[in-house]
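S.K.: Sharing a structure with you now.
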Amino acid sequence: MQINVLEYFLKTSDRLPTKVAVVDDREGWTFERLRARAASIGRAITCRTTSTNRPIATYLPKTNDTAASFLGALLSGNCYAPLDVKAPLPRIHAIVDHLDPVLILTTKELGAQLASGGIDRDRLLLLDDVSDNDAAIPDQWLRLIDTDPVYIIHTSGSTGKPKGVVIAHRAVIDYIDWARDCFQIDEHCVIGNQAPFIFDNSTLDLYLCFACGATLHLIPEDLFLFPLRLVEYLADKAINFIFWVPSVMVSVADKRVLDKVSSLSLKKVLFAGEVMPAKHLNIWRSRFPGALFANLYGPTEITVDCTYYIVDRDLRDDEPVPIGRPCRNTDVLILNDQNQPCRNGERGELCVRGSSLALGYWNQQAQTSVAFVQNPINPHHPELIYRTGDLVYKNEREEIIFVGRKDFQIKHLGYRIELGDIEHFALQVSGIRNGCVLYHQEKKEIVLVYEADSEMDPGRIRSELGRDLPKYMWPTSFRRLSELPRTTNGKIDRQQLAMEYGK
Amino acid sequence: MSNENVIAILKTVRPECEFAGIDDFFARGMLDSFDLTMLVSALEERFGISVEGADILPENFRSVDAILSLLAKYGVPA
Chain A
1 MQINVLEYFL KTSDRLPTKV AVVDDREGWT FERLRARAAS IGRAITCRTT STNRPIATYL
61 PKTNDTAASF LGALLSGNCY APLDVKAPLP RIHAIVDHLD PVLILTTKEL GAQLASGGID
121 RDRLLLLDDV SDNDAAIPDQ WLRLIDTDPV YIIHTSGSTG KPKGVVIAHR AVIDYIDWAR
181 DCFQIDEHCV IGNQAPFIFD NSTLDLYLCF ACGATLHLIP EDLFLFPLRL VEYLADKAIN
241 FIFWVPSVMV SVADKRVLDK VSSLSLKKVL FAGEVMPAKH LNIWRSRFPG ALFANLYGPT
301 EITVDCTYYI VDRDLRDDEP VPIGRPCRNT DVLILNDQNQ PCRNGERGEL CVRGSSLALG
361 YWNQQAQTSV AFVQNPINPH HPELIYRTGD LVYKNEREEI IFVGRKDFQI KHLGYRIELG
421 DIEHFALQVS GIRNGCVLYH QEKKEIVLVY EADSEMDPGR IRSELGRDLP KYMWPTSFRR
481 LSELPRTTNG KIDRQQLAME YGK
Chain B
504 MSNENVIAIL KTVRPECEFA GIDDFFARGM LDSFDLTMLV SALEERFGIS VEGADILPEN
564 FRSVDAILSL LAKYGVPA
């Protein structure tokens with residue numbers, strides 16, 4: 001019986017010590033080398049702290065050493081919490097204050113940035129100072145159980161404060177066992193990693209590598225700017241499996257670069273994080289007629305994905321791509337406003353039950369109990385479901401189709417954003433009296449409608465927002481009104497604004 | 504097509520940045536993949552051209568001069 005995700009990695013590194021595990025833009029590391037480095041980092045952690053089941057934050061770019069840091073944190077008997085090196089320092093500071101990690105793994109250079117942002121140097125563990133030696137692997141992790149946390153990933157919160165989603169070992173094991181079998185992954189698989197490690201989509205890439213002995217290429221982020229370079233890279237590294245966001249697939253398809261490179265080896269193409277337009281999927285399918293394409297769906301709170309659809313028929317360009325059916329050992333309920341299961345065709349909220357459910361939000365009991373609730377269909381014993389807030393229905397084939405959101409959460413370039421998070425900071429920009437943030441689906445624009453005495457320079461608004469918000473959350477379009485429309489009870493009339501400026 | 508016109512278009516994408524005299528927008532982190540997509544659409548719309556995917560390379564977008572040469576290649580008069 002597997003209890004800890006480390007068992008995947010330790011078994012594989014015993015079986016295939018000399019096989020290449022991870023490759024960043026500098027070099028490739030074998031499983032043996034990755035294990036040795038993880039052990040060194042794990043020991044460095046245990047020299048600094050005796051605590052277990054506490055978060056070890058990482059503030060690192062995507063490199064082999066970051067993968068080793070995750071493993072090192074786990075070996076020390078703790079969980080890891082990746083922080084975004086691109087986020088503004090006040091946001092990082094707020095997360096660190098709330099998370100209270102025992103240590104922050106970082107580099108000398110990035111550590112200096114953290115310190116300049118007011119983060120206590122005593123919390124930092126600099127990887128530059130961790131020397132490699134051959135001492136034994138720490139054994140603190142052996143005392144853990146499968147409901148202990150493995151990672152904490154932060155997502156946008158509606159009040160301007162990110163939420164830390166706490167995921168247990170058994171949830172990742174549940175997910176990876178399903179994915180390995182469903183997509184038949186083994187050591188011949190060559191994975192291209194797109195997702196930054198601050199996103200849970202990277203869980204699939206990392207743990208398929210650890211569990212199956214597949215080689216994982218960490219695709220340099222710059223390549224996603226230049227579709228042709230990206231496709232050349234995929235060909236050069238003989239990548240045959242990739243899991244990425246639809247935005248990238250759309251951009252590559254739109255730029256018509258797929259035919260410019262002949263020797264692509266893609267066999268399995270998975271995507272998730274936002275709606276995939278069938279039109280662009282069809283371009284990919286006609287270029288790779290023999291490949292498997294799968295649309296995965298799920299919020300961070302249920303461990304990466306809870307439903308999947310392997311494309312098994314021709315889809316019209318204007319047809320929605322189904323999110324399909326529940327993954328193995330996961331159940332999905334579609335509940336209407338009366339908390340009753342929907343009939344086929346009826347729209348309702350997608351709710352999830354199973355071992356994949358997060359343990360909750362870190363240090364946020366109130367928010368946890370709103371999202372993770374007793375299953376209303378089962379009054380007999382305690383059983384939690386996670387309410388995703390996503391509206392869906394089942395088609396006549398019993399496939400689930402995604403419709404939209406119940407609230408003000410959006411998906412922009414694959415990032416999950418609460419519009420309230422942006423509003424919170426927009427209202428602090430000097431000169432803005434009131435405001436409302438909307439999303440224009442078609443143009444993919446974040447629109448700030450604001451109330452001010454005179455037209456404001458968009459550059460200044462963005463610069464001010466940039467002090468608190470990561471760039472993917474900055475509005476891209478601005479409208480000034482001398483007064484925002486109000487509903488009869490005095491609230492900002494979002495619906496009217498949405499009809500005019502969002503879609 | 505003048506420097507100022509190109510800078511004005513760049514400003515619609517990144518209003519908070521100063522583009523004049525910069526030798527490499529990418530090296531300085533001024534344009535990311537989303538900005539580049541917006542920039543390409545803005546140029547296409549403004550000049551009625553369609554930029555080939557194979558031309559979306561760093562050397563064609565890294566500076567105002569690079570963008571001017573690319574536009575010239577697509578027949579936009581200097």
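Note that the protein sequences, when read in sequence, are chains A and B. Take 1 as the starting number for the first sequence in my numbering and just add one per residue. Take 504 as the starting number for the second sequence in my numbering and just add one per residue. All C-beta atoms in this analysis are idealised placements derived from N, C-alpha and C, irrespective of residue type, glycine included.
Hey, how far is the Cα of I119/A from the Cα of T215/A?
M.R.: 36 Å
S.K.: How many Å lie between A426/A and E221/A at the Cα?
M.R.: 28 Å
S.K.: Between V304/A and Y175/A, how many whole angstroms is the CB-CB distance? I'm expecting something under 8 Å.
M.R.: 6 Å
S.K.: Verify the CB distance criterion: does P227/A have a CB-CB separation below 8 Å to chain B?
M.R.: At least one CB atom of chain B sits nearer than 8 Å to the CB of P227/A.
S.K.: Can you give me the start and stop residues for the beta strand (DSSP E) that G348/A sits inside?
M.R.: 348–354
S.K.: Going by alpha carbons, who is nearest to R353/A out of A366/A, T107/A, F9/A, P376/A?
M.R.: P376/A
S.K.: May I ask you to report which of helix, strand or coil DSSP gives N201/A?
M.R.: DSSP places N201/A in helix when its eight states are reduced to three.
S.K.: In this structure, how does DSSP classify V231/A when only helix, strand and coil are distinguished?
M.R.: Helix at V231/A.
S.K.: Would you list the residues sitting across from V261/A in a DSSP beta bridge?
M.R.: In DSSP, V261/A forms no bridge with anything.
S.K.: In the structure shown, what three-state DSSP assignment does S544/B receive?
M.R.: S544/B: helix per DSSP, three-state reduction.
S.K.: CB of L266/A to nearest heavy atom of the ligand COA: below 7 Å?
M.R.: Judged by which ligands are present, the structure shown has none, so any question about the ligand COA falls away.
S.K.: Would V449/A pass as an interface residue toward chain B - the criterion being a Cβ-Cβ separation below 8 Å?
M.R.: no
S.K.: Check whether the Cβ of G290/A lies closer than 8 Å to any Cβ atom in chain B.
M.R.: no
S.K.: CB I446/A to CB P475/A, shorter than 8 Å?
M.R.: Cβ atoms of I446/A and P475/A: closer than 8 Å.
S.K.: Determine, using beta carbons only, whether L258/A and A235/A come nearer to each other than 8 Å.
M.R.: no
S.K.: For P227/A and G556/B, what's the separation of their Cα atoms in angstroms?
M.R.: Taking the Cα positions, P227/A is about 7 Å away from G556/B.
S.K.: Would the stretch 149–160 of chain A and the stretch 129–137 of chain A be scored as touching if the rule is three or more Cβ pairs under 8 Å?
M.R.: Judged by Cβ distances under 8 Å, the stretch 149–160 of chain A makes no contact with the stretch 129–137 of chain A, as fewer than three pairs qualify.
S.K.: Less than 8 Å between C-beta atoms, sequence neighbours within five positions excluded: which residues of the same chain meet that for I492/A?
M.R.: N434, C436, L484, P485, R486
S.K.: Is it true that the stretch 187–202 of chain A meets the stretch 397–404 of chain A, where meeting means three or more beta-carbon pairs spaced less than 8 Å apart?
M.R.: No, the stretch 187–202 of chain A does not touch the stretch 397–404 of chain A.
S.K.: What separation, rounded to the nearest whole angstrom, lies between the Cα atoms of G360/A and F408/A?
M.R.: Using only the alpha carbons, I get a separation of about 21 Å.
S.K.: Quick check for students: name the residue ranges of the alpha helix (DSSP H) that lie wholly in the stretch 19–54 of chain A, counting only runs of 4 or more.
M.R.: Fully contained in the stretch 19–54 of chain A are the following alpha helix (DSSP H) runs of length 4 or more, in chain order: 31–48.
S.K.: Show which residues of chain B have a CB atom less than 7 Å away from the CB atom of R256/A.
M.R.: Going along chain B in sequence order, the residues near R256/A (Cβ under 7 Å) are G556.
S.K.: For the beta strand (DSSP E) that Q409/A lies in, which residues bound it at each end?
M.R.: 409–412
S.K.: What span of residues does the alpha helix (DSSP H) with W178/A cover, start to end?
M.R.: 169–182
S.K.: Can you tell me where the alpha helix (DSSP H) with E464/A in it begins and where it stops?
M.R.: Per DSSP, the unbroken alpha helix (DSSP H) holding E464/A starts and ends at 458–465.
S.K.: Could you give the uninterrupted runs of the beta strand (DSSP E) lying entirely in the stretch 352–424 of chain A, keeping only those of 3 residues or more?
M.R.: 372–374, 384–394, 400–405, 409–412, 415–418
S.K.: In whole angstroms, what is the alpha-carbon distance linking N64/A and R37/A?
M.R.: 10 Å
S.K.: Quick check: is the beta carbon of S262/A nearer than 8 Å to any beta carbon in chain B?
M.R.: no
S.K.: Return the chain-ordered ranges of every beta strand (DSSP E) run that is complete within the stretch 265–349 of chain A and spans a minimum of 3 residues.
M.R.: 268–271, 292–297, 307–310, 330–335
S.K.: Counting only beta-carbon atoms, is E547/B nearer than 8 Å to chain A?
M.R.: no
S.K.: With respect to the beta strand (DSSP E) encompassing E109/A, which residues constitute its N-terminal and C-terminal limits?
M.R.: No beta strand (DSSP E) contains E109/A, which is instead part of the alpha helix (DSSP H) from 108–116.
S.K.: Compute the Euclidean distance between the alpha carbons of F224/A and L573/B, then round it to the nearest angstrom.
M.R.: 20 Å
S.K.: Going by DSSP, name the residue or residues bridged to V166/A.
M.R.: I152/A, G360/A
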